[in-house]
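Q: Protein sequence lines, in the order shown, are assigned to chains A and B. By the working numbering, the letter at position 27 of the first sequence is numbered 415, and the numbering carries on one by one without gaps. By the working numbering, the letter at position 112 of the second sequence is numbered 114, and the numbering carries on one by one without gaps. Don't be surprised by glycine CBs; every beta carbon is placed ideally from N, CA and C. The structure presented is a predicted model; accordingly, all values stated were derived computationally and were not measured.
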Amino acid sequence: MPVEIDIEHVARLARLALTGEEKERLSRQLPDILSHAAKVGEVAAEDVPPTAYAVPRSNVFRADEPDECLPHDAAMAGAPEVEDHRFRVPRIVEME
Amino acid sequence: MGDPREPCDLPAHEIAARLASGEGSAGQVVESSLARIEAVDGRVRSFLAVTAEQARQRAAEVDRRRVAGETLSAVAGIPLALKDVLATRGIPTTCGSQILRGYVPPYDCTAWARLQAAGSVLVGKTNCDEFAMGSSTENSSFHPTHNPWDLDAVPGGSSGGSAAAVASGQAVWALGTDTGGSVRQPAALCGVVGMKPTYGLVSRYGLIAFASSLDHVGTFTRTVRDAATLLSAIGGHDPRDATSLPGPPPDLAATLEEGVRGLRIGVLEEGFGEGVEPGVRDRIGEAVDRLAALGAEIGEATLPHAGYTLSAYYLIAPAEASSNLARYDGVRYGHRADDPRDVVDMMTRTRGEGFGDEVKRRIMIGTYALSAGYYDAYYGQAQKVRTLIIRDYEEAFGSFDLLLSPTSPTTAFRLGERTDDPMAMYLSDVFTIPANLAGVPAISVPCGVDERGLPVGLQLTGKVLDEATVLRAAHAFEQDLGWTTRPPLLEAAAG
Numbered sequence: 389m390p391v392e393i394d395i396e397h398v399a400r401l402a403r404l405a406l407t408g409e410e411k412e413r414l415s416r417q418l419p420d421i422l423s424h425a426a427k428v429g430e431v432a433a434e435d436v437p438p439t440a441y442a443v444p445r446s447n448v449f450r451a452d453e454p455d456e457c458l459p460h461d462a463a464m465a466g467a468p469e470v471e472d473h474r475f476r477v478p479r480i481v482e483m484e
Numbered sequence: 003m004g005d006p007r008e009p010c011d012l013p014a015h016e017i018a019a020r021l022a023s024g025e026g027s028a029g030q031v032v033e034s035s036l037a038r039i040e041a042v043d044g045r046v047r048s049f050l051a052v053t054a055e056q057a058r059q060r061a062a063e064v065d066r067r068r069v070a071g072e073t074l075s076a077v078a079g080i081p082l083a084l085k086d087v088l089a090t091r092g093i094p095t096t097c098g099s100q101i102l103r104g105y106v107p108p109y110d111c112t113a114w115a116r117l118q119a120a121g122s123v124l125v126g127k128t129n130c131d132e133f134a135m136g137s138s139t140e141n142s143s144f145h146p147t148h149n150p151w152d153l154d155a156v157p158g159g160s161s162g163g164s165a166a167a168v169a170s171g172q173a174v175w176a177l178g179t180d181t182g183g184s185v186r187q188p189a190a191l192c193g194v195v196g197m198k199p200t201y202g203l204v205s206r207y208g209l210i211a212f213a214s215s216l217d218h219v220g221t222f223t224r225t226v227r228d229a230a231t232l233l234s235a236i237g238g239h240d241p242r243d244a245t246s247l248p249g250p251p252p253d254l255a256a257t258l259e260e261g262v263r264g265l266r267i268g269v270l271e272e273g274f275g276e277g278v279e280p281g282v283r284d285r286i287g288e289a290v291d292r293l294a295a296l297g298a299e300i301g302e303a304t305l306p307h308a309g310y311t312l313s314a315y316y317l318i319a320p321a322e323a324s325s326n327l328a329r330y331d332g333v334r335y336g337h338r339a340d341d342p343r344d345v346v347d348m349m350t351r352t353r354g355e356g357f358g359d360e361v362k363r364r365i366m367i368g369t370y371a372l373s374a375g376y377y378d379a380y381y382g383q384a385q386k387v388r389t390l391i392i393r394d395y396e397e398a399f400g401s402f403d404l405l406l407s408p409t410s411p412t413t414a415f416r417l418g419e420r421t422d423d424p425m426a427m428y429l430s431d432v433f434t435i436p437a438n439l440a441g442v443p444a445i446s447v448p449c450g451v452d453e454r455g456l457p458v459g460l461q462l463t464g465k466v467l468d469e470a471t472v473l474r475a476a477h478a479f480e481q482d483l484g485w486t487t488r489p490p491l492l493e494a495a496a497g
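#1: For the candidate residues ALA379/B, PHE402/B and ALA165/B, whose alpha-carbon lies nearest to that of GLU302/B?
#2: Could you have a look at ALA465/A and say whether DSSP puts it in helix, strand or coil?
#3: Examine the Cβ distances between the region 45 to 54 of chain B and the region 64 to 80 of chain B and report whether three or more of them are shorter than 8 Å.
#4: Select from the region 345 to 365 of chain B all residues with a C-beta closer than 9 Å to any C-beta belonging to chain A, and list them in chain order.
#5: With 8 Å as the threshold, decide whether the Cβ of ASP452/A is near any Cβ in chain C.
#6: Less than 7 Å between C-beta atoms, sequence neighbours within five positions excluded: which residues of the same chain meet that for SER526/B?
#7: Could you give the uninterrupted runs of the beta strand (DSSP E) lying entirely in the region 184 to 258 of chain B, keeping only those of 3 residues or more?
#8: Rounded to a whole number of angstroms, what is the C-alpha to C-alpha distance between GLY92/B and ARG116/B?
#9: By the DSSP assignment, the beta strand (DSSP E) with VAL269/B in it spans what residues?
#10: Which residue marks the beginning of the alpha helix (DSSP H) containing TRP114/B, and which one marks its end?
#11: For the beta strand (DSSP E) that SER324/B lies in, which residues bound it at each end?
#12: Is the beta carbon of SER161/B closer than 8 Å to that of PRO188/B?
#13: Going by beta carbon distance, what residues of the same chain come within less than 8 Å of GLU480/B, once the five residues before and after it are set aside?
#14: Strictly below 8 Å CB to CB, what residues from chain B border HIS424/A?
#15: In terms of residues, what are the limits of the alpha helix (DSSP H) holding THR90/B?
#16: With a threshold of 8 Å between beta-carbons, can PRO468/A be considered close to chain B, or not?
#17: Is there at least one Cβ from chain B nearer than 8 Å to ASP420/A's Cβ?
#18: Considering only DSSP beta bridges, list what PRO448/B is partnered with.
#19: Where do the N-terminal and C-terminal ends of the beta strand (DSSP E) with ILE300/B fall, by residue?
#20: Please list the terminal residues of the continuous beta strand (DSSP E) segment that includes SER407/B.
#21: Establish whether the CB of ILE445/B and some CB of chain A are separated by less than 8 Å.
#22: Quick one, which of VAL174/B, CYS10/B and PRO443/B has its alpha-carbon nearest ALA442/A's?
#23: Output yes or no for whether 8 Å exceeds the beta carbon distance between SER410/B and LEU191/B.
#24: Identify the contact partners of GLY429/A in chain B, using a Cβ-Cβ distance below 8 Å as the criterion.
#25: Between the C-alpha atoms of SER138/B and GLY193/B, what's the straight-line distance to the nearest angstrom?
#26: Any idea if SER143/B is buried or exposed, counting beta-carbon neighbours within 10 angstroms, 16 or more meaning buried?
#27: Please decide whether GLU396/A counts as near chain B, where near means a Cβ-Cβ distance under 8 Å.
#28: Count the other CB atoms within 10 Å of the CB of VAL398/A; is the residue buried (16 or more) or exposed (fewer)?
Here you go:
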């Protein structure tokens, strides 16, 4: 099964800047890998349920008890840019 | 000629016995480990960071407690290395990636927190494929690691730095992570014991996520007994990981000496197929004979859907990775691109600059497989294959206690040999991936060398939460084989 991939579109979804050379290489490699991966379609019949976790657990809660939490400064310490104890990023919403 | 082994060459249980009897100190042991790093790591390049000063302080603390008459834990004073995807508070943790260059976590992963509390001595953080994606450690964005058995060969991966460190005595034991074989395959290629427990036995808290449903913390040791000890020390329920299984830490060493008599071992026919090197096939065949001679009942087994596991893995793992790695956006930690035009430009260029080829490849595969219109055909189908492989194991474990195969189809390959061929690289995990999909425990134990003198690993796989049987069979095999060959690098150093 030949796989067609719009590299630009997928890269945009993934928020990934790619160079021309990277795009060229991925357009060659991804169809190969994905056509191998598409073999999964050969055996997975309608009546086979999917498994997300091999050793499943559900509704896992821990006791609702106050505990020490990460101090604010420690949480911010690795940030590329900080302003007023908050993460600083380029403007997202345009103002008047 | 006397024993050429330094304290750092001994198994952990012998060091622990020496510390308990007062025959040696934790200070001497850590110095021996640090001296070995100094002597060989320029060539092996296991470490991304060596924590010599902290290690000395921690060893001194252990010695103070020892001299004061305290009973030490089984891990106290033993030099440990941690793969650099495991978060260590105050110690840089990079995942082998430029996007986390210089990142210093504000918290410890649970596995290290438990070991630290028990007196473990961390000597450094080890190299790995970027975000644990790879089978040779060549995808590290810092430098490759070399196999102590042949410096022109890869150590395997993705936990290649941990495997090479333990094989060369730079650490006595180490932790790695295993998402598709990343503990067992490098253990096999470096001639050490590598153990991946049942999914959920060891907390993933602080294991920087690659593929959450497949990621496991695993151990590198020089003996099976040490694997049982180290796993017992890090295992058990952790409220900080919702996928952690209930129950106290296991005591896996308790049944180690019970032997293999009467155990039913199924030899996987897939393990002798195309692509398996003759040297590997021969050693595995001999291992089967040895286990039979020790009293195991040997039969033929199969996982009928094994041929589909690589396909399923290369959808599930990239899909989960593309989602997990969305957090590297230049906002809260790690690299940020200069002079962004707007926030999308910032995120897009940050990721383009910070991630290497393999990580980009997998993010692209995963994003595609999860995108509208393709989800059912790829990710949905892959999760059904996962159900089928779990059923295959259940069927096989109806007749057998353990399943046996090679860990890897080949011994260590040359550096650079597979870097341009992703599919060839992916094939080195063909025997290890099924256990990640099914969450079952599996060990790689050395079973000799091939005609080039490179180590071969024997893989034994058990039922969910039956680590005890896996370890007891591996221990019986290891004791009977009595393999004591050391990497040529160390023999040369000893003169």
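A: According to the structure data:
#1: PHE402/B
#2: coil
#3: no
#4: VAL345, VAL346, ASP347, MET348, MET349, THR350, ARG351, THR352, ARG353, GLY354, GLU355, PHE357, ASP359, LYS362, ARG363 and ILE365
#5: Within the model displayed, chain C is absent; protein chains A and B are what it includes.
#6: Only positions 3 to 497 of chain B appear in the structure, and residue 526/B is not among them; the question remains open.
#7: 195 to 198 and 219 to 223
#8: 16 Å
#9: 266 to 270
#10: 112 to 119
#11: Unbroken run through SER324/B is the alpha helix (DSSP H), 311 to 326; no beta strand (DSSP E).
#12: yes
#13: VAL195, THR225, VAL226, VAL447 and PRO448
#14: LEU312, SER313, TYR316 and MET425
#15: Run containing THR90/B: none; DSSP gives neither H nor E here.
#16: yes
#17: yes
#18: GLY459/B
#19: 299 to 303
#20: 404 to 408
#21: no
#22: PRO443/B
#23: yes
#24: ALA379 and GLN383
#25: 15 Å
#26: buried
#27: no
#28: buried
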